[in-house]
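K.L.:
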Amino acid sequence: MALPKSFDPATREAELYRMWEESGAFKAGAGKRRDETFTIMLPPPNVTGVLHVGHAFNHTLMDILTRWKRMQGYDTLWQPGLDHAGIATQLVVEKDMAAKGETRKRSEMDREEFLAKVWDWKKSSGGTIEDQARRLGDSMDWSRSAFTMSGAPNAPAGEKDGNFHDAVLKVFVEMYDKGLIYRGKRLVNWDPHFETAISDLEVENIEVDGHMWHFKYPLAGGETYTYVEKDEDGNVLFEEERDYISIATTRPETMLGDGAVAVHKDDARYAPIVGKLCEIPVGPKESRRLIPIITDPYPDMNFGSGAVKITGAHDFNDYEVAKRGGIPMYALMDTRGAMRADGKPYAEEAATAQAIANGEQTFDEAMIAAMNLVPEDYRGLDRFEARKRVVDDITAEGLAVMVAPNDPRLGAAAEKLVAPEEGGEDRLDQLVPLVEPKKIMQPFGDRSKVVIEPMLTDQWFVDTAQIVQPALDAVKDGRTTIIPDSGRKVYDHWLENIEPWCISRQLWWGHQIPVWFDDDGNQFCAASEAEARAQAGDDRTLTRDPDVLDTWFSSGLWPFGTLGWPDQTEELDRYFPGDVLITGQDILFFWVARMMMMSLAVMDDVPFHTVYLHQLVRDAKGEKMSKTKGNVIDPLTMVDTYGADALRMSNAAMASIGGVLKISEDRIGGYAKFVNKLWNAAKLAEMNGAFDAPAERPAPRQTVNRWIMAEVGQLRADVDAALTDYRFNDAASALYAFIWGRFCDWYLEFSKPLLMDGSDADKAETQATLAWTLDQCLILLHPIMPFVTEELWQQSRPRDQMLALTPWPEYTDLSDADAVAEMNWVISLIEGIRSARAQLNVPAGLKIPVLQIEADDAAKTAQANNIAMIMRMARVDSIDTADTPPKGSLTVATKGATFALPLAGLIDVAAEKARLGKSLVKLEKEIKGLAGRANNPKFAESAPPEVVAETRANLAEREAEAAQLTTALDRLAELD
């Protein structure tokens, strides 16, 4: 049956994928012909997730490697699966409940009832992304699809097989028993909407309009000091007597929990008052606390007043200062982000805090945690309402720093005063509070969209300091390589400065912490309640910790938990450790580093030998995609419009190591044309009887056939080398250039005389060579563009097996230097003539004469052997010899030969000069503007790196165009 007019992705891709999957082509070990394994772990997407361009990009790269290794005969496993995504799933399920008319909130249900609803949702709606991944052509072993909650005790029948839950609990218990996991009070990112700690990755730092309020903290007992500002040379700029220290803050509501004011030890302005006490200027006057003025390296003498209030329970930097200085950390807010309403009366709590500050009372962590230093007037208020009330109260008392109304620090609020002589008032004595408008980085929950609050809470932590060194050593000694090398620097920096890892979350959906407490707070860690009771040793009442483990803890076990651990399975023996991990650089330390630490701690081996990191996928201009900007590209829409192969080729083509990833619909559309080009080449082969030629590799005599086979051999070597080094863009570029250029544009044209007018032997040889070359194109292109290649493979002739399992070629004996040299010479001559014609606007249909001025023997032989092709493809009506170029000729040089194109009278030289000159003038203006930006050091320092790179690329492109125009004008000058 003849090939259809074109390939229709909409109808054929789903059918091809069904065939692959039903045949078992993607199962672990399918098509293996060697003992070596190749394992790649899919970074598990959230069970709530849908496919976005980032998924589409790294899935493409993973599938390229998997298909390539499978065709090479490796025992291959691409392990799929899903992450249970604690917060994301709870949010989705709660929204789903509300949409279905459920009036109760999660907090009004018991845990088991809510979890049953989560499992119901997961069964009906979870895992959509796995079906979407199939549309990309992902060749994962779906029969092994894992889930990070598989094996959980409340999982319903019919859920995914596996014992991931057992693995998670076993690791926790073992690490707890070794002292690697502990419970403690530390500052964490707290989401007041979900009322849980969250990871740094779940925090979005967004620049917003904020304010910096300046307040006076009066010195105790009315004490004063001389405040002096000096310049760099020691000259006095400002001097006054003060009875306060000035503090600037963006979060006045946290002043209630201040434990100290810190200044730098080298700050001479405050040297007279270091060690003194100052008063927090808010709250009932009779109960105001006095706090010490201390020194610490943290304050920046050149920022603000140089003095910093230390609120250890509500700021990460302050937390470190408080730890160093032994300063109590008073928590002010409840889990909803409201000011605390519990505890003793404020006056009583403030008196205790004052005794601590005076050194009259010792304290411990539990005591400080129980104290509530929020005055009664603020208790129960939302934190932002409390902020307003605190600012108003301080200002009303006269303890705000006051400035003239035209002070530039007031920003837009500063008044432009009119001088009295111009009809204005002298208002410099009418001071206003100093409130600076500031752009501040505000942390928001990526799911809740509420402002994240640093909170001092009891959480479970991994003592990463005890397990980090093996992970550092593994990269240092080369057992694991991080690509690009900049990723290694980030990895090393993070691990060398690692903090304890908070692994608990105040959620219901997830692996519940396997620790039980008795009434006295004693801990019993075990994989089951029965084991915990056995540890307790009597009939004490035990209560299980209600928190669940961070999803990053369970996904840290992904490389071996998916293979059956803690059971010693056959798959674990075969496929661990894995080979390569492909993932975004943004989760290098959130996930990759943790997998390294966990695998080395549990398995005593690295989880993979290579980590390939890529950047964020951006739009065509290099900008981050967002719904607000309207620049989001939906990969499934691209698949619907252009087919999966076009999207995959676009992804591969932009995958340079460490490069900026810029995707555009125009490029995807361009690769859809590449699909059509390949299809049309196959139709031409069919029309010329190539599909009926013998299937085995030919041994041709004709130079053009020997040449294309040698080029195929070089292509195979180039693709293998590129994929071995993870240069996906180079593999894609080599395939595109060969198929579109060498094969379609040149070989198909070169072969036509042999197919149409050659002898029977030459025709049969060329049919066989054409068929073999097309097959090699399909094989080598298949890992990147699997659908169209599989379709052509099966439609072109009867096959023993599908292309997905066809052996990858290993030929090394196809080189043919003579054939390559001859045909490359022919191509060079044709391209030279075509280029000259195009630059000088010679009509495309006009055949022109060509003169051979000089030529060595090799050039003469190549010309004689291919004269008909040269004349036809270069639109030449004759090639004669001459000693010198006649006047009005244009020269074309090739290796070993020079030709002249007598163009006098064929083109209007003056008109062409004018046209090209006008274009060059316009281009030079563009170059001047681009060069001014690209060569400006300030532009390079201030503009985003992708903008700088794009500007320089545009400059290089325009300079190349200018060089071409200059060459064309020079050629025109030859005709005068």
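Taking the numbering used here, the leading residue of the sequence shown gets 197, the next gets one more, and so forth.
Ideal Cβ placement from N, Cα and C applies to all residues, glycine included.
Predicted model only: the values in this text are computed from it and were never measured.
(1) CB-CB under 6 Å to G245, same chain, minus the five flanking residues each way: which ones, in chain order?
(2) At the level of alpha carbons, what is the spacing between D279 and T1162?
(3) For G619, which residues of its own chain have a beta-carbon under 7 Å away from its beta-carbon, when the five flanking residues on both sides are left out?
(4) Label N1132 either buried or exposed according to how many other C-beta atoms from any shown protein chain fall within 10 Å of its C-beta, with 16 as the threshold for buried.
(5) According to DSSP, is V570 part of a helix, a strand, or is it coil?
(6) Run the CB neighbour count on I377, radius 10 Å, all protein chains shown included, and call it buried at 16 or more, exposed below.
(7) If you draw a straight line from the alpha carbon of A1107 to that of E1120, how long is it in whole angstroms?
(8) How many whole angstroms separate the CB atoms of G774 and I260, which I take to be in contact at a CB cut-off of 8 Å?
(9) State buried or exposed for N254, treating a residue as buried only when at least 16 other CB atoms are found within 10 Å of its CB.
(10) Helix, strand or coil, according to DSSP, for D1073 in the structure here?
(11) Would E1153 and G818 qualify as a contact pair, given that the criterion is a beta-carbon distance under 8 Å?
(12) Between which two residues does the beta strand (DSSP E) carrying T985 extend?
(13) Buried or exposed: which applies to K296, given that a residue is buried once 16 or more other Cβ atoms fall within 10 Å of its Cβ?
(14) Enumerate in chain order the residues of its own chain whose CB-to-CB distance from A1159 is below 8 Å, with the five nearest sequence positions on each side excluded.
(15) Buried or exposed: which applies to Y838, given that a residue is buried once 16 or more other Cβ atoms fall within 10 Å of its Cβ?
(16) Would you check if the stretch 566-584 and the stretch 528-541 touch, i.e. whether three or more CB-CB distances between them fall below 8 Å?
(17) Tell me which residues share the same chain as M1069 and place their Cβ nearer than 7 Å to its Cβ, disregarding the 5 neighbours each side in the sequence.
(18) Looking only at its own chain, which residues have a Cβ that is under 8 Å from the Cβ of L1099, when we skip the five neighbours before and after it?
(19) Does the distance from the CB of V671 to the CB of V367 come in under 8 Å?
(20) Locate the beta strand (DSSP E) running through L1086, then write down its first and last residues.
(21) Express the C-alpha separation of V1105 and L1168 in angstroms, rounding to a whole number.
(22) Tell me which residue opens and which closes the beta strand (DSSP E) that P414 is part of.
(23) Is it the case that the stretch 410-421 contacts the stretch 433-446, given that we only count it when at least three CB pairs across the two stretches are under 8 Å?
(24) Restricting to Cα atoms, I'd like to know which of V631, L595 and A348 is closest to A609.
(25) In angstroms with no decimal places, state the Cα-to-Cα distance between A1000 and L199.
(26) Which residues in the same chain have their Cβ closer than 8 Å to the Cβ of L1195, if we skip the five residues on either side of it in sequence?
(27) Whole angstroms are fine: how far does the CA of R893 sit from the CA of F785?
(28) With burial defined as no fewer than 16 other Cβ atoms inside 10 Å of the residue's Cβ, what is the status of Y213: buried or exposed?
(29) Grab the span of the alpha helix (DSSP H) containing A582 for me, first residue to last.
(30) Can you give me the C-alpha to C-alpha distance between K461 and V470, rounded to a whole angstrom?
(31) Report the CB separation of C721 from F657 in whole angstroms; it is logged as a contact under 8 Å.
(32) Does W656 come out as helix, strand or coil in the three-state DSSP assignment?
(33) Can you tell me which of the three DSSP states H280 falls into?
(34) Within the stretch 286-370, note down every full alpha helix (DSSP H) run reaching 4 residues or more, in order along the chain.
(35) Nearest to Y932 by CA position, among R902, S1115, Y542 and G866, is which residue?
(36) By DSSP's criteria, Y808 is part of a beta bridge. Which residues make up the other side?
P.N.:
In this structure, then:
(1) If we look at G245 and ignore the five residues flanking it on each side, its Cβ neighbours are I325.
(2) The alpha-carbon separation between D279 and T1162 amounts to approximately 59 Å.
(3) Unreliable positioning characterises G619 in this predicted model, as indicated by a pLDDT of 45, which lies under 50. The coordinate reading is nonetheless provided below. Taken in chain order, the list of residues that qualify is empty.
(4) Around the C-beta of N1132, fewer than 16 other C-beta atoms lie within 10 Å, and the residue is accordingly described as exposed.
(5) Residue state, collapsed to three classes: coil.
(6) Buried is the call here.
(7) Cα to Cα, the separation comes out at about 20 Å.
(8) In fact, because the Cβ distance is near 16 Å, the residues do not count as touching under 8 Å.
(9) So N254 counts as buried.
(10) In the structure shown, D1073 sits in a strand (DSSP, three-state: E or B).
(11) Between E1153 and G818, the C-beta gap is not smaller than 8 Å, which leaves the two residues out of contact.
(12) For T985, there is no enclosing beta strand (DSSP E); the residue is found in the alpha helix (DSSP H) stretching over P982 to S992.
(13) Answer is exposed; the Cβ neighbour count stays below 16.
(14) Taken in chain order, the list of residues that qualify is empty.
(15) By the 10 Å Cβ count, Y838 comes out buried.
(16) Because the criterion of three Cβ pairs below 8 Å is met, the stretch 528-541 and the stretch 566-584 touch.
(17) Once the five neighbours on either side are set aside, the close Cβ partners of M1069 are E945 and I1026.
(18) Excluding residues within five positions, the ones whose Cβ falls inside 8 Å are L1036, V1038, I1044, G1084, S1085, L1086 and L1171.
(19) In this structure, V367 does not lie closer than 8 Å to V671 by Cβ.
(20) Where L1086 is concerned, the enclosing beta strand (DSSP E) stretches over S1085 to T1090.
(21) Distance between the alpha carbons of L1168 and V1105 is about 7 Å.
(22) For P414, the enclosing beta strand (DSSP E) stretches over residues V399 to P414.
(23) The stretch 433-446 vs the stretch 410-421: in contact.
(24) Looking only at V631, L595 and A348, the smallest Cα-Cα distance to A609 is reached by V631.
(25) Taking the CA atoms as reference points, A1000 sits about 20 Å from L199.
(26) No statement about residue 1195 is possible, as the shown extent of the chain runs from 197 to 1172 and does not include it.
(27) In this structure, the straight-line span from the alpha carbon of F785 to that of R893 is close to 50 Å.
(28) With 16 or more other Cβ atoms inside 10 Å of its own Cβ, Y213 counts as buried.
(29) Its alpha helix (DSSP H) spans residues R579 to A592.
(30) Taking the straight line joining both Cα atoms gives about 9 Å.
(31) Actually they do not touch by this definition, with Cβ atoms about 14 Å apart.
(32) In this structure, W656 counts as strand in the three-state DSSP scheme.
(33) For H280, the secondary structure class from DSSP, reduced to helix, strand or coil, is coil.
(34) Listed in chain order, the alpha helix (DSSP H) runs fully inside the stretch 286-370 are 307-320 and 324-332, counting runs of at least 4 residues.
(35) Nearest option by C-alpha distance: G866.
(36) For Y808, which the question treats as bridged, DSSP gives the partners I679 and I778.
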